[in-house]
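>
2 protein chains.
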Amino acid sequence: MKERIKVKANIFKALGHPTRLWIVEQLADGEKCVCEFVEAVDVDFSTISKHLSVLRNAGIVDMDKRGKQIFYRLTLPCLLNSLSCIDTLLNHQIQKQIALID
Amino acid sequence: MKERIKVKANIFKALGHPTRLWIVEQLADGEKCVCEFVEAVDVDFSTISKHLSVLRNAGIVDMDKRGKQIFYRLTLPCLLNSLSCIDTLLNHQIQKQIALID
DNA sequence: TTGTCATTTTGCCATTTGACCAAATGATAG
DNA sequence: CTATCATTTGGTCAAATGGCAAAATGACAA
Numbered sequence: 001m002k003e004r005i006k007v008k009a010n011i012f013k014a015l016g017h018p019t020r021l022w023i024v025e026q027l028a029d030g031e032k033c034v035c036e037f038v039e040a041v042d043v044d045f046s047t048i049s050k051h052l053s054v055l056r057n058a059g060i061v062d063m064d065k066r067g068k069q070i071f072y073r074l075t076l077p078c079l080l081n082s083l084s085c086i087d088t089l090l091n092h093q094i095q096k097q098i099a100l101i102d
Numbered sequence: 103m104k105e106r107i108k109v110k111a112n113i114f115k116a117l118g119h120p121t122r123l124w125i126v127e128q129l130a131d132g133e134k135c136v137c138e139f140v141e142a143v144d145v146d147f148s149t150i151s152k153h154l155s156v157l158r159n160a161g162i163v164d165m166d167k168r169g170k171q172i173f174y175r176l177t178l179p180c181l182l183n184s185l186s187c188i189d190t191l192l193n194h195q196i197q198k199q200i201a202l203i204d
């Protein structure tokens with residue numbers, strides 16, 4: 001009961017960083033190699049690796065080693081689709097921020 | 103695009119703390135007074151208050167002042183219902199943890 | 001109005017946790 | 001062995017957490 005909510009909060013926490021959320025969204029299309037992430041983001045190689053390990057520990061992604069490269073994929077592809085309410089919330093937030101600028 | 107993902111990550115981050123996630127789940131039934139949270143959790147009044155402000159800033163809850171008390175409610179009640187995939191993920195995680203103990 | 005109590009938020013401080021880079025280590029292909 | 005791809009470790013700086021005390025806010029009585 002208490003343990004359950006901790007594990008669940010940990011899943012959300014893992015998604016609660018722009019770079020990690022971006023990685024997860026990239027994986028919506030299918031698996032990707034670590035090197036692809038590194039090319040696209042302007043941070044150190046080790047930083048991406050660390051973010052991937054956070055996602056792994058939260059159980060959001062799985063890894064698959066093939067040859068020299070390591071490929072990551074979502075453990076549950078439904079993850080992003082099921083968050084439509086979060087998107088509604090997001091749109092509210094964006095509107096609010098725009099209102100603040102005006 | 104980049105701003106969008108930051109705001110979205112912030113919503114997840116807000117949900118990524120056991121106490122805050124617990125609060126959000128309590129609000130599934132409807133609005134609650136701050137004092138009700140404090141009674142149920144063994145932390146300082148100010149700690150709950152701060153968690154509530156994090157949820158407010160993320161746009162997850164709204165507040166409503168009535169008399170001496172302040173009532174909080176979910177801005178979008180769909181929030182909890184739409185997270186079924188997270189629950190599946192959670193069950194996987196729980197199973198994994200149980201497996202580690204055995 | 002003035003004072004007081006109850007409810008909640010804020011400010012300040014100490015501790016912990018998280019993020020990032022750089023260097024070191026591990027694993028695998030050629 | 002060497003080169004390549006990825007993770008781990010160490011150190012440093014920023015952010016999050018939580019407790020305590022003080023400040024706001026509103027209700028209510030004198």
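These protein sequence lines are chains W and A, in that order. Counting from 1, position 42 in the first sequence corresponds to residue 42 in our numbering; the numbering is continuous, with no gaps. Counting from 1, position 99 in the second sequence corresponds to residue 201 in our numbering; the numbering is continuous, with no gaps. Just so it is clear, CB atoms sit at the ideal spot from N, CA and C, and this is done for glycine as well. Predicted, not measured: the structure shown is a model, and the values here were computed from it.
#1: Could you check whether Y72/W and L21/W sit closer than 8 Å to each other, using their CB atoms as the reference points?
#2: V24/W and L52/W look like a contact to me (Cβ under 8 Å); what is the Cβ gap, rounded to whole Å?
#3: Just curious, the beta strand (DSSP E) that K65/W is in, first and last residue?
#4: Would C78/W count as contacting chain A if we go by Cβ distances under 8 Å?
#5: What's the gap between the Cα of R168/A and the Cα of V136/A?
#6: Using DSSP's beta-bridge definition, name the partner residues of R73/W.
#7: Could you tell me whether the Cβ atoms of L90/W and K110/A are closer together than 8 Å?
#8: Going by DSSP, name the residue or residues bridged to K32/W.
With the structure as the only source:
#1: no
#2: Not a contact, Cβ separation roughly 10 Å.
#3: 61 to 66
#4: yes
#5: 12 Å
#6: D62/W
#7: yes
#8: Y72/W
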